[in-house]
Amino acid sequence: MPALEVRNLFKSYFLHGKRIDVLRGVWMDVEAGELVSLVGASGSGKSTFLHVVGMLDAPAAGEIRFAGRDLFEMSDPAVADFRNRTIGFVFQSHYLLPEFTALENVAMPALIQRWERGSALRRARELLLRVGLEKRIDHRPGELSGGEAQRVALARALVLKPALLLADEPTGNLDPVTGEGIHQLLREVNRELGITAIVVTHNEALAQSMPRRLRLIDGQVLPT
Amino acid sequence: MSSDRHTLYRWGSLWSGALLAFSGVVVAVIAAAQEKRTADLLGELSWSAVGWGPLAALLKGIGGNLLRASASHFPLPLLDTRLWLAAGGLWIVGWVLIGLSIHYIAAPGEAPSPARGAPLYQRLARYRDFNWVTLLAYGGGVLASELALILFHTMLVTGVHYGKSPGGEPRLLQASPTVAFAISLLIGFAVAFASGFFGAARARRLATPEATLGLLYFGLPIPLLLTAISANPDLQLRVGYRLREVSYLAGLLGRPELGYWLVYLGLALMMFLGITTGFVVTGSGKVDIRSGFELFIARRHVAVFRPSLLLSVLAILMFGVIPPLIVYAIVRAAEAAVEQTRIRALGLIDPLKATEAVHQWKMREQTPTAMMTTLSVGGVGVGVMALIIVLSVMSGFEADLQQKIIGTNAQVVVSKYADSFSEYREVMDKIRKVKGVMGETPFILNEVMISSGPNIAGVIIKGIDPATVGNVTDLRKNILPGGSLDALSHPETIVARSPEQPRRPEDDKGQPVLQGIILGRELAGSLHVSVGDRVDIISPLGGELGPQGPLPKSRPFRVAGIFYSGMYEYDAKFVYILLETAQKFFNMEGASGVEVRVSDVDDARRIAKAIGQELDGWPYRTRDWGEMNRNLFSALRLEKLVMAIILTIIVIVAGGLIVATVIMLVLEKRKEIAVLKALGVPDGGIVKIFLTEGLQIGIAGGLLGLLSGISWCVLIEKIGIKLDPQVYYIPELPVKIEPLQTIIPVLIAVLVTYLASIYPALKASQVEPVEGLKSE
Numbered sequence: 027m028p029a030l031e032v033r034n035l036f037k038s039y040f041l042h043g044k045r046i047d048v049l050r051g052v053w054m055d056v057e058a059g060e061l062v063s064l065v066g067a068s069g070s071g072k073s074t075f076l077h078v079v080g081m082l083d084a085p086a087a088g089e090i091r092f093a094g095r096d097l098f099e100m101s102d103p104a105v106a107d108f109r110n111r112t113i114g115f116v117f118q119s120h121y122l123l124p125e126f127t128a129l130e131n132v133a134m135p136a137l138i139q140r141w142e143r144g145s146a147l148r149r150a151r152e153l154l155l156r157v158g159l160e161k162r163i164d165h166r167p168g169e170l171s172g173g174e175a176q177r178v179a180l181a182r183a184l185v186l187k188p189a190l191l192l193a194d195e196p197t198g199n200l201d202p203v204t205g206e207g208i209h210q211l212l213r214e215v216n217r218e219l220g221i222t223a224i225v226v227t228h229n230e231a232l233a234q235s236m237p238r239r240l241r242l243i244d245g246q247v248l249p250t
Numbered sequence: 007m008s009s010d011r012h013t014l015y016r017w018g019s020l021w022s023g024a025l026l027a028f029s030g031v032v033v034a035v036i037a038a039a040q041e042k043r044t045a046d047l048l049g050e051l052s053w054s055a056v057g058w059g060p061l062a063a064l065l066k067g068i069g070g071n072l073l074r075a076s077a078s079h080f081p082l083p084l085l086d087t088r089l090w091l092a093a094g095g096l097w098i099v100g101w102v103l104i105g106l107s108i109h110y111i112a113a114p115g116e117a118p119s120p121a122r123g124a125p126l127y128q129r130l131a132r133y134r135d136f137n138w139v140t141l142l143a144y145g146g147g148v149l150a151s152e153l154a155l156i157l158f159h160t161m162l163v164t165g166v167h168y169g170k171s172p173g174g175e176p177r178l179l180q181a182s183p184t185v186a187f188a189i190s191l192l193i194g195f196a197v198a199f200a201s202g203f204f205g206a207a208r209a210r211r212l213a214t215p216e217a218t219l220g221l222l223y224f225g226l227p228i229p230l231l232l233t234a235i236s237a238n239p240d241l242q243l244r245v246g247y248r249l250r251e252v253s254y255l256a257g258l259l260g261r262p263e264l265g266y267w268l269v270y271l272g273l274a275l276m277m278f279l280g281i282t283t284g285f286v287v288t289g290s291g292k293v294d295i296r297s298g299f300e301l302f303i304a305r306r307h308v309a310v311f312r313p314s315l316l317l318s319v320l321a322i323l324m325f326g327v328i329p330p331l332i333v334y335a336i337v338r339a340a341e342a343a344v345e346q347t348r349i350r351a352l353g354l355i356d357p358l359k360a361t362e363a364v365h366q367w368k369m370r371e372q373t374p375t376a377m378m379t380t381l382s383v384g385g386v387g388v389g390v391m392a393l394i395i396v397l398s399v400m401s402g403f404e405a406d407l408q409q410k411i412i413g414t415n416a417q418v419v420v421s422k423y424a425d426s427f428s429e430y431r432e433v434m435d436k437i438r439k440v441k442g443v444m445g446e447t448p449f450i451l452n453e454v455m456i457s458s459g460p461n462i463a464g465v466i467i468k469g470i471d472p473a474t475v476g477n478v479t480d481l482r483k484n485i486l487p488g489g490s491l492d493a494l495s496h497p498e499t500i501v502a503r504s505p506e507q508p509r510r511p512e513d514d515k516g517q518p519v520l521q522g523i524i525l526g527r528e529l530a531g532s533l534h535v536s537v538g539d540r541v542d543i544i545s546p547l548g549g550e551l552g553p554q555g556p557l558p559k560s561r562p563f564r565v566a567g568i569f570y571s572g573m574y575e576y577d578a579k580f581v582y583i584l585l586e587t588a589q590k591f592f593n594m595e596g597a598s599g600v601e602v603r604v605s606d607v608d609d610a611r612r613i614a615k616a617i618g619q620e621l622d623g624w625p626y627r628t629r630d631w632g633e634m635n636r637n638l639f640s641a642l643r644l645e646k647l648v649m650a651i652i653l654t655i656i657v658i659v660a661g662g663l664i665v666a667t668v669i670m671l672v673l674e675k676r677k678e679i680a681v682l683k684a685l686g687v688p689d690g691g692i693v694k695i696f697l698t699e700g701l702q703i704g705i706a707g708g709l710l711g712l713l714s715g716i717s718w719c720v721l722i723e724k725i726g727i728k729l730d731p732q733v734y735y736i737p738e739l740p741v742k743i744e745p746l747q748t749i750i751p752v753l754i755a756v757l758v759t760y761l762a763s764i765y766p767a768l769k770a771s772q773v774e775p776v777e778g779l780k781s782e
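Which chain is which? The protein sequence lines are F and W, in order.
Be aware that the first sequence starts at 27, since it is given in the numbering used here, and climbs by one per residue.
Be aware that the second sequence starts at 7, since it is given in the numbering used here, and climbs by one per residue.
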């Protein structure tokens, strides 16, 4: 049984009062531990699709199951808990909280889960070591370079060992060399921790390096 | 096919239906106004319900006149019941018309979308079920809290028997009205809070419709009934008896309905607090009162507890706006000059280091939100400070007045109906045995004229016993230097003042020594006399019978002393002579009554009752100082309450500042809110974060206001602010710091900030994660 099942997913948004159907019946299965890349033109709905899968956005119709659980049947608090424990997000821009240090940012999901402060910070330190940022632990996001900030964001997404990692153009704002570093890291993490990951990108070269490649065209997900 | 229909309104008939229903209400009002009493009641109710003070009073006046005019100009030929029927008919027809003008019609055909047949995402279309259990919790809760308040208050005041003491006597639990009210108010608050909490936790939302219905339909009847009772003497007689303890306490305010509505407002507020707390605490799906990361985040967002912020706000509260601003400007200018010199010097050596220094310099500028935070803290602080100072000064005035009134008059007076009170010595012996009595003295009270040369005044003369009067009143302490109370008993020691006034014939007739008299300072001033001078007391009655009725009786006295109580009324109206002299002068056997001092002034009411029981009631009568000066003190209390309400408005304005600040914070942090939600913070957590941010401002402002308010009060007390003695009769502004009065403003501030932060915090929790993430 696939870990993630997407069935007949529809989503529209409204621009100047006109309905634009951006997802038109998406069907997709992802096996546990798979690393999937999703490419598509700008505005084709890649990010929207990722947001819907991560329960950040509301679809119009359809069905999503993760590990056999119907996501759309969950109550609001259960959705929050699901985002906290099961999903790790990495966005195009790092979206770190500016008032907090790198360490505190990484520890935040654990703190939200009411971990004790010390153990949350210890766990965060381990992850920052893993992404190679031991020297930047006490810096605020404003003092980090783009690549460093994105590594911190990745560490934050992984701190609670999520089952599903959703990356929305994680290298979109980075130069190719730094971007390749991030992708390398993603592949390693996927291999080491066995995390299922969907990476949205429009960098074809990077997408080609992923084991499974999908494309979003005309509101449908197709294999390339 | 219900999915292909949409709603159509016929606006013309909709409006005419509304008009009809409204005219039904108007007819009902006219019908109600047919009878004078219900018309009055309506006016009184609207006054209380609207609560807009002068505006409502004006409207009431106009409305009353209109109603009277309409009633007199149109002696409506209908019977009263027919008028009521017409009103009901119009009301129903109006609503039917409104109902008929809303239609569902089929929508025009449109091509089906590609998603036809796919299951709708339920959350999109989710509507909230009306929660009957929550309505019951809210409505029942507010009703229960009202009933509990009234019941406990009545029970505690009249006393409850519980258990048995070792001696076999049933124990009595009883409290004074204010203590009983405080206890039962707390109980009522607890009930309201708990039911609000339960209702919201049950519905997992604020459930505003249920709360509105509950508070209106279940909560309003009791305050309405109480107001009606206070406005209608008939009702008072019929049902008011059982509520006498409640109406007694409300009556202490002078305007009982104000008390009722304030209490109702308090209960509603408590319920609202319970509702929001219930929502916030159960917002994560289970009861979760922990707030570790919420506090962590909130404290980084608004760093209120910074020494620089706290000190600058405190400086502004203590010294006003201008002086700290001047100091700040000077410091900043000096700092800037030094920094610029340093940067220029640095620039000559290392331009890059200089740019870094400039950057750091710029980083120190405050963001608008930080400025707003400071302003909000200051606003709350000013409100709390003003409340504390004004309430303390008013308490000072009240205490001063109370001290003067009960210092000059006794705290409890025992008098006798009819008959002469000749057995006052035995009565005094009995009174002495009552617990709590500190002293007792007999007195005679009468009204006479006093004259000195051409000056004349009407005064109240009091015969006193110099041996015991000092135990009861402050007269002995109030005698100004040069005079003496004991000289009343030994008139021969009073030295006549020279030059002696021209001798009069009656002096020669042999009255070797004139009896002593003590006057108030104001009276002595207006009569132009001082110690040793002679005055004449003239009583219109009690003289010999002449051909045209009783002749006035006159007798000379020598001023033995002058007293100064501080109350103009007393200093201008009271004169004191020896009890025996007064008995002789007025041909009385005994006394007018006995004055008593008690150990606890605030307990005078109870001790007076105990004395009454000791004396077996009739023909004796006991009154305490509160009863004798009831109007004065209830006016003072009302004034203080109104003052507190007006000043609370300052705090509420500061609450507006907090709303603005927290809304700015929410707007500024939209992205962060979205990220936090993506990281898995539930809605309740977001609410907690922003509530905490507002509360921090309130607590900081409240504490700073407390600190500065108390400092100001101590300062006023120590240094003193001189008052114009012509106007105030108190040499300087009195201050009395009462612990409860200083804590309550802080609590009000925290409460107001909590309430003020709820709306922005709820707004924050409604930020859609996607919206926040897109705003980049």
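C-beta: ideal position from N, C-alpha, C; glycine also.
Values in this document were obtained by computation on a predicted structure and should not be read as measured data.
Item	Value
When W/Val665, W/Arg676, W/Glu678 and W/Gly567 are compared against glycine 526 of chain W, the one with the closest alpha-carbon	W/Gly567
Amino acids of chain W, ordered along the chain, whose beta-carbon sits closer than 8 Å to that of glutamate 89 of chain F	Pro125
Beta carbon proximity, isoleucine 221 of chain F to chain W, threshold 8 Å	no
Below-8 Å beta-carbon distance, glycine 686 of chain W vs any chain F residue	yes
Contact belief for tyrosine 127 of chain W with phenylalanine 98 of chain F at Cβ below 8 Å, rounded distance in angstroms	6 Å
Chain F within 8 Å of histidine 109 of chain W, Cβ atoms only	no
Distance between leucine 219 of chain F and alanine 189 of chain F (C-alpha atoms, nearest Å)	9 Å
Contact with chain F by lysine 302 of chain W, beta-carbon distance below 8 Å	Strictly speaking, residue 302 of chain W in this sequence is phenylalanine, with lysine absent from that position. Yes, because at least one Cβ of chain F sits closer than 8 Å to the Cβ of phenylalanine 302 of chain W.
Reduced DSSP secondary structure (H/G/I, E/B, other) of phenylalanine 278 of chain W	helix
Proximal chain F residues relative to glycine 284 of chain W, where beta-carbon distance stays under 8 Å	Simply none; closest approach about 14 Å.
Backbone secondary structure at asparagine 238 of chain W - three-state DSSP	coil
Of the residues W/Gly265, W/Pro215, W/Arg482 and W/Val420, the one placed nearest tyrosine 626 of chain W, counting alpha carbons only	W/Val420
Within-8 Å CB hit, valine 783 of chain W to chain F	Since the first residue shown for chain W is 7 and the last is 782, residue 783 of chain W is missing from the structure and cannot be characterised.
Where alanine 124 of chain W sits in the DSSP three-state scheme	coil
Strand pairing of serine 560 of chain W, partner residues [DSSP]	W/Ile544
8 Å CB neighbourhood of valine 197 of chain W in its chain, flanking five on each side removed	Gly147, Ala150, Ser151 and Ala154
C-beta atoms of leucine 219 of chain W and glycine 105 of chain W nearer than 8 Å	no
DSSP-derived helix/strand/coil call for glutamate 453 of chain W	strand
8 Å Cβ cutoff met for alanine 128 of chain F and leucine 159 of chain F	yes
C-alpha distance - threonine 427 of chain W paired with glycine 596 of chain W, whole-angstrom precision	As written in the sequence, residue 427 of chain W is phenylalanine, which differs from the threonine given in the question. For phenylalanine 427 of chain W and glycine 596 of chain W, the distance between alpha carbons rounds to 5 Å.
The segment 752-771 of chain W contacting the segment 689-709 of chain W, beta-carbon criterion three pairs below 8 Å	yes
Coarse secondary structure for aspartate 96 of chain F, derived from DSSP in three states	strand
Straight-line Cα distance separating glutamate 174 of chain F from leucine 154 of chain F	10 Å
Own chain partners of tyrosine 254 of chain W with C-beta closer than 7 Å, once the 5 adjacent residues on each side are dropped	Pro183
For serine 201 of chain W and phenylalanine 224 of chain W, the rounded distance between their alpha carbons	13 Å
Beta-carbon proximity of leucine 494 of chain W to isoleucine 456 of chain W, cut-off 8 Å	no
Three-state class that DSSP yields for arginine 603 of chain W in the structure shown	strand
Cutoff 8 Å: phenylalanine 40 of chain F Cβ touching any chain W Cβ	no
Chain W contact for arginine 109 of chain F (CB, 8 Å cutoff)	yes
Residues near glycine 662 of chain W by beta carbon distance below 6 Å, same chain, minus five either side	none
Candidates W/Leu315, W/Gly522, W/Ile613 and W/Gly272: closest to leucine 585 of chain W by CA position	W/Gly522
Segment contact flag, the segment 434-451 of chain W with the segment 594-612 of chain W, C-beta cutoff 8 Å, min 3 pairs	yes
Asparagine 461 of chain W burial status per 10 Å Cβ neighbour count (16 or more: buried)	exposed
Buried/exposed call for serine 73 of chain F, threshold 16 Cβ in 10 Å	buried
Straight-line Cα distance separating valine 269 of chain W from leucine 226 of chain W	12 Å
Buried versus exposed call for glutamine 176 of chain F [16 or more other C-beta atoms within 10 Å across all chains shown]	buried
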